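These notes are about the structure you will find just below.
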Amino acid sequence: MGLVFSMLFGLSACKQEVLEGASAQSLAFIGSDITGTGFGKNVSGINQNGQAVSFNDYKDKVVVVFFGFTQCPDVCPTAMAELSQLMTKFTPEEAAQVQVVMVSIDPERDTPEMLKAYVSAFDDRFNGITGTPEQIAQLAKSFKAFYKKVAHTNGTYSMEHSSSLYVLDKNGESRILFKPGTLIEDMEKDIRSLF
């Protein structure tokens, strides 16, 4: 009986340690921990200078990825303004380790030139990625980001899209997802933990 009790007690203690370890790991970030998801791997597009680009090109930087479009009336400019404000929280040396990248979900209208003008209006260090509709579909699928073209009766269209921010570490590994409404101070803390 004592042996059975010891085995059960030992198993419970072991299980408790595993649970505590899992909790500590999940509490490492304020945002959602997406470590191991492989977002952003083996996808490419065209950057704001018209050159081919992939997330491998941003190694050695913490990359904050946002999916949006330049003619977005509210969500995108709000997110970009918040990211601009976030960059002011870092020293120049720290800011040099962070790269904000907006991926356009509207490649029909968002040329590299238009994207460059848009992102640099918020911060001239920000980058943009556009590409063919197929490249954008692959990029969005890689991050599990939602977008959909919505036609209007007057012949124009808009885009519906998810508005989370994805953070890749300096090795290009996906680590954190920030949902809309995440405090800038919380994003700052999480990003600092990846320096």
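Letter by letter, the sequence shown follows residues 1 to 195 in UniProt numbering. Don't be surprised by glycine CBs; every beta carbon is placed ideally from N, CA and C. Note that the structure is a prediction, hence the values are computed from the model and not measured.
- Linking G45 to V65 through their CA atoms gives a straight-line distance of about 13 Å.
- Per DSSP, L86 is one residue of the alpha helix (DSSP H) stretching across 75-87.
- Taken in chain order, the complete beta strand (DSSP E) segments of 3 or more residues contained in the stretch 81-130 are 98-104, 127-130.
- Within the same chain, Cβ atoms closer than 8 Å to the Cβ of A81 are found at F122, the five residues on either side in sequence being excluded.
- For S164, the secondary structure class from DSSP, reduced to helix, strand or coil, is coil.
- Its chain contains D110, M114, Y118 as the residues whose beta carbon lies nearer than 6 Å to that of T70, once the 5 sequence neighbours on both sides are disregarded; these appear in chain order.
- For F143, the enclosing alpha helix (DSSP H) starts and ends at 133-143.
- Rounded to whole angstroms, N49 and F90 show a C-alpha spacing of 26 Å.
- If the five residues before and after L86 are omitted, its C-beta is found closer than 7 Å to the C-beta atoms of I184, M187, E188, all from its own chain and listed in chain order.
- Taking 8 Å as the upper bound for CB-CB distance, H161 and I105 are in contact here, some 5 Å apart.
- In the three-state DSSP reduction, F178 falls in the strand class (E or B).
- Linking Q135 to V43 through their CA atoms gives a straight-line distance of about 7 Å.
- With contacts defined by Cβ atoms closer than 7 Å, L168 and V63 form a contacting pair.
- As far as DSSP is concerned, V43 takes part in no beta bridge.
- Beta-bridge analysis with DSSP links G68 to S104.
- The straight-line gap separating the alpha-carbon atoms of F195 and T37 is approximately 20 Å.
- Taking all protein chains shown into account, A52 has fewer than 16 neighbouring C-beta atoms within 10 Å of its C-beta and is therefore exposed.
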